């Protein structure tokens, strides 16, 4: 592959990445807006609604980290996974097998430990 082809390929992928990030942010804002309208119409705010809003917030933060290059891009997907697991436990906790709840809680602990190691890793 020549240098010109490499530059064009990398540039094309960067443009595609930026466009996908913008699309992801826009779709997340739309989804969050729909959730806010739904909560307003129901007249009640439940824990699952709050956790869902945290998921949307973390997706926006992840897009910002990738777009600006500031911060660790690996932390936000871990936070999203932790929040998603917590939301799953809250939503299905009463109907789930207690052993599955323990597995999911263990996954949250494992993800939290991974986030701690990533945050404490020396920066290059």
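Residue numbers (our numbering): 5 to 128.
Even glycine gets a Cβ: it sits at the ideal position worked out from N, Cα and C.
Computed from a predicted model, the values in this text were never measured in an experiment.
Inter-residue spacing [alpha-carbon to alpha-carbon] between residue 118 and residue 38: Numbered from 1 along the chain shown, position 114 holds the residue referred to as residue 118. Numbered from 1 along the chain shown, position 34 holds the residue referred to as residue 38. A direct Cα-Cα distance of roughly 33 Å separates residue 118 from residue 38.
Residue 24 versus residue 121: straight-line alpha-carbon distance, rounded: Within the chain shown, residue 24 is the residue found at index 20, counting from 1. Within the chain shown, residue 121 is the residue found at index 117, counting from 1. Each residue's Cα considered, the two are about 29 Å apart.
Report yes or no: do three or more beta-carbon pairs, one from the segment 47–54 and one from the segment 12–19, lie closer than 8 Å? no
Does the segment 56–74 come within contact of the segment 16–35, defined as at least 3 CB pairs closer than 8 Å? yes
Just the Cα atoms here: how many angstroms apart are residue 49 and residue 43? The residue you call residue 49 lines up with position 45 of the chain shown. The residue you call residue 43 lines up with position 39 of the chain shown. Cα to Cα, residue 49 sits roughly 6 Å from residue 43.
Exposed unless 16 or more other CB atoms sit within 10 angstroms - verdict on residue 17: In the chain shown, residue 17 corresponds to position 13, counting from 1. The residue is exposed, with fewer than 16 neighbouring Cβ atoms inside 10 Å.
Buried versus exposed call for residue 62 [16 or more other C-beta atoms within 10 Å across all chains shown]: The residue given as residue 62 occupies position 58 in the chain shown. Residue 62 is buried by the Cβ-count criterion.
Here's a check: name, in chain order, each residue in its chain whose Cβ is nearer than 6 Å to the Cβ of residue 94, leaving out the five neighbours to either side. Indexing the chain shown from 1 puts residue 94 at position 90. Hits under 6 Å: 51, 52.
Buried/exposed call for residue 107, threshold 16 Cβ in 10 Å: In the chain shown, the residue the question calls residue 107 occupies position 103. Result: exposed.
Report all residues from its chain with a CB closer than 7 Å to the CB of residue 29; omit the five preceding and five following residues, and keep chain order. Here residue 29 corresponds to residue number 25 of the chain shown, with the count starting at 1. Cβ neighbours of residue 29 beyond the five flanking positions: 64, 67.
Would the beta-carbon of residue 86 fall within 8 Å of that of residue 115? Sequence index remark: in the chain shown, residue 86 carries index 82 (1-based). Sequence index remark: in the chain shown, residue 115 carries index 111 (1-based). Yes, these two residues count as a Cβ contact at 8 Å.
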